[in-house]
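Chemist: Submitted below is the structure of interest, expressed as structure tokens.
Number of protein chains: 2
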Amino acid sequence: MDKLDQTDKTILRILQTDSKKTAKEIASMLNLTPSPVYERIRRLENQGFIKKYVAILDKKRIERSVTAICQVSMRYHDETFIDEFEEQIQDLKEVQECYHMAGQVDFILKIHVKSLEEYHEFVRYKLSKIKNIGVLNSTFVIKEIKHSSEYYI
Amino acid sequence: MDKLDQTDKTILRILQTDSKKTAKEIASMLNLTPSPVYERIRRLENQGFIKKYVAILDKKRIERSVTAICQVSMRYHDETFIDEFEEQIQDLKEVQECYHMAGQVDFILKIHVKSLEEYHEFVRYKLSKIKNIGVLNSTFVIKEIKHSSEYYI
DNA sequence: GATGAAAAGTTGATAGC
DNA sequence: GCTATCAACTTTTCATC
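The listed protein sequences derive, respectively, from chains A and B. So for the first sequence, full-length UniProt numbering puts the first residue at 1; every next one is plus one. So for the second sequence, full-length UniProt numbering puts the first residue at 1; every next one is plus one.
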């Protein structure tokens, strides 16, 4: 009930690249009728393999051209400080990703802003207002080589 | 023709969180009829604001639980070496994101694998086979604080 | 730009193999 | 787990305001 067969995997691969493909289209790619494809997709959703369906926007088109990677280390590593940091990061709309890391650096953040000026304001008025940040090291993306929401299956 | 009004922005915000919402549902959220919503979505697609629609999978469910951030510096910075690196990275299915950075580190990669053992094999048999890599520094995600495909609009 | 209606296509359910 | 069929709903188009 929780195992994926080859048909399931193919369906997931297709939906990861284009979720607007209809059950009918997928069915014809797999030499099936739409019904089993439809049922499998429903099952993959219910069993939690598919979390959601989203539109991917072009960041250049919506003025989020600057991508920064920001590495943060905390001054103290009390549980409370860490929890507080995590909570406050959730509310920062410029932060698209944030990971708690093993190693020297505590957190890695991916940030999207309109310009370097906006990044400066983000760091000055939002990020550095969070308590207990020790080291804060920002680098900027000069070219996006690969950026995908797909996982290899 | 290329400017977004408030209605466009609301539609984009909705589609970024749930692209399965029908034109009818969005219309009722905006106190409109489905037709103008439908036309706006078509326009947002044609003008390149919406790049694509995808299904987001649960990485734990499909055995890609380990996320690594790998920072790579090149030995030499010739154009040919850089181009070659970028090309070869495209073909590595474990690499979900790769950015060419300004600063000390040349590239930052986000990698998804099943286990640390698989990561070891990835580095040993795939990544380190790419020519001209000088420094290679891997860290692992111990907790995902935030991970979204949405941009703030 | 929006409404409203109508044609074409998809979804989702059900019966049967 | 599949095919075939069908009603309900959505998408898509278009005349009209």
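Where is the CB? At the ideal position from N, CA and C, for every residue including glycine.
Determine the DSSP secondary structure at Ala102(A), reduced to helix, strand or coil.
Modeler: If DSSP states are grouped into helix, strand and coil, Ala102(A) belongs with coil.
Chemist: To the nearest angstrom, how far is the alpha carbon of Gln71(A) from that of Asp2(B)?
Modeler: Roughly 35 Å separates the two Cα atoms.
Chemist: For the alpha helix (DSSP H) that contains Glu45(B), what are its first and last residues?
Modeler: Unbroken alpha helix (DSSP H) run through Glu45(B): 34-46.
Chemist: Pop quiz: residue 158(B) and Ile108(B) are said to be a contact at Cβ under 8 Å. What is the actual Cβ separation, rounded to whole angstroms?
Modeler: Chain B is shown from 1 up to 153; residue 158(B) falls before or after that span and cannot be answered.
Chemist: Assuming Ile130(A) and Gln88(A) form a contact by the criterion Cβ under 8 Å, report the distance between their Cβ atoms to the nearest whole angstrom.
Modeler: Going by Cβ atoms, the distance from Ile130(A) to Gln88(A) rounds to 5 Å, so yes, they are a contact pair.
Chemist: Rounded to whole angstroms, what's the CA-CA distance from Lys114(B) to His120(B)? Just pull it up for me.
Modeler: Distance between the alpha carbons of Lys114(B) and His120(B): 11 Å.
Chemist: Return the bridge partner residues of Ile56(A) from the DSSP annotation.
Modeler: The partner list for Ile56(A) (beta bridge, DSSP) reads Lys52(B).
Chemist: Please classify Glu94(A) as buried or exposed, where buried requires at least 16 other C-beta atoms within 10 Å of its C-beta.
Modeler: So Glu94(A) ends up on the buried side.
Chemist: Using 10 angstroms around the beta-carbon of Ile11(A), count the other beta-carbons present and answer buried if the total reaches 16, otherwise exposed.
Modeler: Buried is the call here.
Chemist: Where does His77(B) sit, in a helix, a strand or coil, going by DSSP?
Modeler: Looking at His77(B) - three-state DSSP - the assignment turns out to be coil, as it is neither helix nor strand.
Chemist: Identify the residues that DSSP records as bridge partners of Asn137(A): which are they?
Modeler: DSSP, once it has assigned bridges, lists Gln71(A) as partnering Asn137(A).
Chemist: Taking Cβ positions only, does Cys98(B) come closer than 9 Å to chain A?
Modeler: Yes, Cys98(B) counts as interfacial toward chain A.
Chemist: If I'm right that Ile99(B) touches Thr67(A) with Cβ under 8 Å, what's the distance once you round it to whole angstroms?
Modeler: This sequence places Tyr at residue 99(B); Ile is not what is there. Yes, Tyr99(B) and Thr67(A) are in contact; Cβ-Cβ is about 7 Å, under 8 Å.
Chemist: Which one or two residues does DSSP pair with Glu144(B) in a beta bridge?
Modeler: Bridge partners of Glu144(B): Tyr99(A).
Chemist: Against chain A, which members of the segment 79-91 of chain B pass a CB distance test of less than 7 Å?
Modeler: Hits within the stretch, in order: Glu86, Ile89, Gln90.
Chemist: Do Ser128(A) and Glu97(B) have their C-beta atoms within less than 9 Å of each other?
Modeler: No, they are not a contact pair.
Chemist: Starting from Ile26(B) and walking both ways along the beta strand (DSSP E), at which residues does that stretch end?
Modeler: No beta strand (DSSP E) holds Ile26(B); the alpha helix (DSSP H) holding it covers 23-29.
Chemist: With 16 other CB atoms within 10 Å as the buried threshold, where does Ser19(A) fall?
Modeler: Looking at its Cβ environment, which holds 16 or more other Cβ atoms inside 10 Å, Ser19(A) is buried.
Chemist: Going by other Cβ atoms of all chains shown within 10 Å of its Cβ, with 16 needed for buried, is His112(B) buried or exposed?
Modeler: Label assigned to His112(B): buried.
Chemist: Measure from the C-beta of Arg61(A) to each C-beta in chain B and report whether the shortest distance is under 9 Å.
Modeler: For Arg61(A), the answer is yes, since a Cβ of chain B falls inside 9 Å of its Cβ.
Chemist: Output yes or no for whether 9 Å exceeds the beta carbon distance between Gly48(A) and Arg64(B).
Modeler: Cβ atoms of Gly48(A) and Arg64(B): not closer than 9 Å.
Chemist: What residues of chain A sit near Val105(B), judged by a beta carbon separation below 8 Å?
Modeler: Correct list: Thr139.
Chemist: Please confirm if Gly48(A) has its CB atom under 9 Å from at least one CB of chain B.
Modeler: So yes, Gly48(A) belongs to the interface.
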